[in-house]
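K.L.:
2 protein chains.
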Amino acid sequence: MSSPIRPVPLEKAYRLINHGPTALISARYGGETDVMAAAWVCALDFDPPKLMVVLDKSVYTRALVEDAGTFVVQVPVASQAELVHAVGSISLGDDPQKLARTGVELVALDGDLPFVAGCSAWLACRLVPEPHNQSRYDLFIAEVTGAWADERVFRDGHWQFETADPALRSLHYVAGGHFYAIGEAIEVPEIPG
Amino acid sequence: MSSPIRPVPLEKAYRLINHGPTALISARYGGETDVMAAAWVCALDFDPPKLMVVLDKSVYTRALVEDAGTFVVQVPVASQAELVHAVGSISLGDDPQKLARTGVELVALDGDLPFVAGCSAWLACRLVPEPHNQSRYDLFIAEVTGAWADERVFRDGHWQFETADPALRSLHYVAGGHFYAIGEAIEVPEIPG
Numbered sequence: 453m454s455s456p457i458r459p460v461p462l463e464k465a466y467r468l469i470n471h472g473p474t475a476l477i478s479a480r481y482g483g484e485t486d487v488m489a490a491a492w493v494c495a496l497d498f499d500p501p502k503l504m505v506v507l508d509k510s511v512y513t514r515a516l517v518e519d520a521g522t523f524v525v526q527v528p529v530a531s532q533a534e535l536v537h538a539v540g541s542i543s544l545g546d547d548p549q550k551l552a553r554t555g556v557e558l559v560a561l562d563g564d565l566p567f568v569a570g571c572s573a574w575l576a577c578r579l580v581p582e583p584h585n586q587s588r589y590d591l592f593i594a595e596v597t598g599a600w601a602d603e604r605v606f607r608d609g610h611w612q613f614e615t616a617d618p619a620l621r622s623l624h625y626v627a628g629g630h631f632y633a634i635g636e637a638i639e640v641p642e643i644p645g
Numbered sequence: 453m454s455s456p457i458r459p460v461p462l463e464k465a466y467r468l469i470n471h472g473p474t475a476l477i478s479a480r481y482g483g484e485t486d487v488m489a490a491a492w493v494c495a496l497d498f499d500p501p502k503l504m505v506v507l508d509k510s511v512y513t514r515a516l517v518e519d520a521g522t523f524v525v526q527v528p529v530a531s532q533a534e535l536v537h538a539v540g541s542i543s544l545g546d547d548p549q550k551l552a553r554t555g556v557e558l559v560a561l562d563g564d565l566p567f568v569a570g571c572s573a574w575l576a577c578r579l580v581p582e583p584h585n586q587s588r589y590d591l592f593i594a595e596v597t598g599a600w601a602d603e604r605v606f607r608d609g610h611w612q613f614e615t616a617d618p619a620l621r622s623l624h625y626v627a628g629g630h631f632y633a634i635g636e637a638i639e640v641p642e643i644p645g
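In order, the protein sequences belong to chains A and B. Sequential numbering from 453 applies to the first sequence in my numbering. Sequential numbering from 453 applies to the second sequence in my numbering.
#1: Distance check for P528 of chain B and G570 of chain B, CA to CA, integer angstroms please.
#2: Any idea if E463 of chain A is buried or exposed, counting beta-carbon neighbours within 10 angstroms, 16 or more meaning buried?
#3: Can you tell me whether E614 of chain B is buried or exposed, with buried defined as 16 or more other CB within 10 angstroms of its CB?
#4: Taking 8 Å as the cut-off, decide whether the C-beta atoms of W611 of chain B and V626 of chain A are in contact.
#5: Can you tell which of B:P456, B:D608, B:K502, B:L496 has the C-alpha that lies nearest to the C-alpha of G598 of chain B?
#6: Starting from K502 of chain B, trace the beta strand (DSSP E) in both directions and tell me its first and last residue.
#7: So with Cβ pairs under 8 Å, would you call C571 of chain A a contact of chain B?
#8: Could you tell me which uninterrupted beta strand (DSSP E) segments, each at least 3 residues in length, are contained entirely in the stretch 581-607 of chain A, listed from first to last along the chain?
#9: Going along the chain, which residues of its own chain have a beta-carbon closer than 7 Å to the beta-carbon of M504 of chain A, five neighbours each way excluded?
#10: Alpha carbon to alpha carbon, what distance is there between G545 of chain B and L620 of chain B?
#11: Chain A partners of S587 of chain B, CB-CB under 9 Å?
#12: Please list the residues of the stretch 532-557 of chain A that have a C-beta atom closer than 7 Å to any C-beta atom in chain B, keeping them in chain order.
#13: Smallest Cα separation from F567 of chain A: which of A:P583, A:P461, A:A475, A:Y466?
#14: Could you spell out the range, first to last residue, of the beta strand (DSSP E) harbouring Y677 of chain B?
#15: Between A637 of chain A and chain B, is there a C-beta pair that is closer than 8 Å?
#16: From Q549 of chain A to D547 of chain B, what distance separates their C-alpha atoms?
#17: If we define contact as Cβ-Cβ less than 8 Å, is C494 of chain B a contact residue for chain A?
#18: Between the stretch 612-639 of chain A and chain B, which residues of the former have CB atoms less than 9 Å from a CB of the latter, in chain order?
#19: Looking only at its own chain, which residues have a Cβ that is under 8 Å from the Cβ of P583 of chain B, when we skip the five neighbours before and after it?
#20: Check E642 of chain B in the structure and name its three-state DSSP category.
#21: DSSP has C494 of chain B in a bridge; who is on the other side?
#22: On a Cα-Cα basis, can you pick out the residue from A:R588, A:S510, A:S478, A:D602 that is closest to E557 of chain A?
#23: Counting only Cβ-Cβ distances shorter than 8 Å, please list the residues of the stretch 475-508 of chain A near chain B, keeping chain order.
#24: Measure the beta-carbon distance from S622 of chain B to I638 of chain B and round it to whole angstroms, keeping in mind my assumption that it falls under 8 Å.
#25: How big is the Cα-Cα spacing for V460 of chain A and V580 of chain B?
#26: If we count the other Cβ atoms within 10 Å of its Cβ and call it buried at 16 or more, is S510 of chain A buried or exposed?
#27: What does DSSP give as the partner residue(s) for L558 of chain A in the beta ladder?
#28: In or out: S454 of chain B buried (at least 16 other Cβ within 10 Å) or exposed?
#29: To the nearest whole angstrom, what separates the beta carbons of I643 of chain A and H537 of chain B, a pair I think is in contact under 8 Å?
#30: Classify Q612 of chain B as helix, strand or coil using the three-state DSSP reduction.
#31: Between the C-alpha atoms of G540 of chain A and E484 of chain B, what's the straight-line distance to the nearest angstrom?
#32: Are the beta-carbon atoms belonging to E595 of chain A and R578 of chain A less than 8 Å from one another?
#33: Run through chain B and tell me which residues come within less than 7 Å of E642 of chain A, C-beta to C-beta.
#34: Is there a C-beta anywhere in chain B that falls below 8 Å from the one on G521 of chain A?
#35: For P456 of chain B, which residues from the same chain have a beta carbon less than 7 Å from its beta carbon, with the 5 sequence-adjacent residues on both sides left out?
#36: Are the beta-carbon atoms belonging to L468 of chain A and T522 of chain A less than 8 Å from one another?
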């Protein structure tokens, strides 16, 4: 089967996270690769696209992001809920076999960055250093340098949740083991200018 | 009918926005009250609870937030999709009758802050001044000083979308007039520590 992964124009990249999905953050540095879950991810600008993510000082992935200066934000799908919860609950610092144990598989889309297989969308990010935000708020700002999506669920610049396999819906985390999948489409008329 | 609005403990306030809903931002200063839509809202800390929101320099509400130093983040519901799109499309600067025209009704929950009626959750916020973030990124950080929710859809510290009226589901904005409502619950087992 050919890959359904297609590039997304950078000016549409914000749409991959605009609806507030819980994300996976992955980073690689010095031979180590980690993947974590992050509900606190948010778009910050359209052009050039920027986003922000909260990385607590206790998470192992944070040091890899700081050292590499690059990371990936990906949008996991409903069928990955257990994987998302697992990578959010286990630290690479405690278990060097974390990725194997949690079933994470990686794919190559752009250089040496680690992209998590089976997600619906991926944003390659370059850190915009802001030491005050990072130390005081655990807040990391990045420019999006590349974007891709699974065309079965995002194409023509829009999510296609209403017609795609429900297993490809985005996840929206609450707490504990509780998530919601994204639901039904709601369309409202455009407002005359 | 008695009001279904109940206070939410501050340590649970992050859960009101953790699943990435599109929000309404309201502020009041100098006799003016405005309400805008914002998809770029995100939790930032648990205790004390903080959040962040992107307020473009072109939006009228921004000056009210800056001058008042306070604002409200509220979670609108599926049946308010037209209202959300309307307050996000019309500027109070262009139409002083914006709130009446878009059908916004206000309720009092805390002092003089303007809370939008009919939403499912409300977070009273006090700006944490960060001039660099505000001017460079249009990024505003705030501490949450009070939280309330409609107990028909949020109680015992959890959203109850799976059993509540679908009209009370949160909205997740994509672009144009396109939203998704939040969908089905997904529960995964807790990871043994």
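Quick reminder that beta carbons are idealized off the backbone N, C-alpha and C, glycines included.
P.N.:
Looking at the atomic coordinates:
#1: 7 Å
#2: exposed
#3: By the neighbour-count rule (16 or more Cβ atoms within 10 Å), E614 of chain B is not buried but exposed.
#4: yes
#5: B:K502
#6: 501-506
#7: no
#8: 591-602
#9: C494, L496, L591, F592, I593
#10: 30 Å
#11: In chain order: nothing, as chain A lies at least about 13 Å away.
#12: A533, E534, H537, A538, S541, I542
#13: A:A475
#14: Residue 677 of chain B lies beyond the stretch modelled for chain B, which goes from 453 to 645, so this question has no answer here.
#15: yes
#16: Here the C-alpha atom of Q549 of chain A lies approximately 59 Å from the C-alpha atom of D547 of chain B.
#17: Among the residues facing chain A, C494 of chain B is included, as its CB has a counterpart in that chain under 8 Å away.
#18: So the list reads F613, E614, P618, R621, S622, L623, H624, Y625, V626, A627, G628, G629, H630, F631, Y632, A633, I634, G635, E636, A637, I638, E639, given in the order they occur along the chain.
#19: For P583 of chain B, where only same-chain residues beyond five positions count, there are no Cβ hits under 8 Å.
#20: coil
#21: B:M504
#22: A:S478
#23: A491, W492, V493, C494, A495, L496, D497, K502, M504, V506
#24: So it is not a contact: roughly 15 Å between Cβ atoms.
#25: 35 Å
#26: Burial call: exposed.
#27: A:V568
#28: exposed
#29: 7 Å
#30: Here DSSP, grouped into helix, strand and coil, assigns Q612 of chain B to coil.
#31: 44 Å
#32: yes
#33: G628, G629
#34: no
#35: D602, E603, R604
#36: Not closer than 8 Å, so no.
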